[in-house]
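What follows is a short report on a single structure.
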Amino acid sequence: MKIDLKKVLAVSEHSGLYLFISESKSGIIVESLADKKRTCISPRAKMTSLSDISVYTDTGELRLKEVLERMKNLPAEREFPNPKAEPSLLKKFFEEAIPEYDRDRFYLSHMKKVLEWFRLLRENDALDFLEEEDAENSNP
Numbered sequence: 008m009k010i011d012l013k014k015v016l017a018v019s020e021h022s023g024l025y026l027f028i029s030e031s032k033s034g035i036i037v038e039s040l041a042d043k044k045r046t047c048i049s050p051r052a053k054m055t056s057l058s059d060i061s062v063y064t065d066t067g068e069l070r071l072k073e074v075l076e077r078m079k080n081l082p083a084e085r086e087f088p089n090p091k092a093e094p095s096l097l098k099k100f101f102e103e104a105i106p107e108y109d110r111d112r113f114y115l116s117h118m119k120k121v122l123e124w125f126r127l128l129r130e131n132d133a134l135d136f137l138e139e140e141d142a143e144n145s146n147p
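Counting in the working numbering, the final residue of the sequence shown is number 147, and the numbers go up one at a time with none missing.
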């Protein structure tokens, strides 16, 4: 099943990723990718769609979708480091996945988040993304 990254949210003060379900009077209804539980998030919470996130590179920015696709397309036998692994292992991994990443602005904390998001998406068979045109056409 293809997933629309515009509907996948990172929510401050909440771990994991959430799928946007709908709006309500009291906030936004989301479903956790990890345990499929639905909850209402306050409209005051900081929410970021994964489609709005980019990684700094030497030549500009690379959308998170492209970063995740590059990670997905690494050789199958390639092991992904644990986000809590040694910083040198994380940097080495991203040097392989995104050789042009900006070493001054793509911080270790960002690497950990991207790896955690990738792990969650992979565990939930959600690494097949809708193209922007398809996502627009699927919205009523």
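Using N, Cα and C, we set each Cβ at its ideal position, and we do this for glycine too.
Taking residue 118 as reference, the option from 31, 129 and 88 with the minimal CA-CA separation is 88.
If you draw a 10 Å sphere on the C-beta of residue 41, you find fewer than 16 other C-beta atoms in it, and that means exposed. Spanning the alpha carbons of residue 18 and residue 113 requires a straight line of approximately 20 Å. With respect to the C-alpha of residue 80, the residue from 61, 96, 103 and 95 having the closest C-alpha is 103. Here residue 121 is not near residue 56, since their CB atoms are 8 Å or more apart. A straight line joining the alpha-carbon of residue 44 with that of residue 38 spans about 5 Å. Residue 97 is not a Cβ neighbour of residue 24, given a cutoff of 8 Å.
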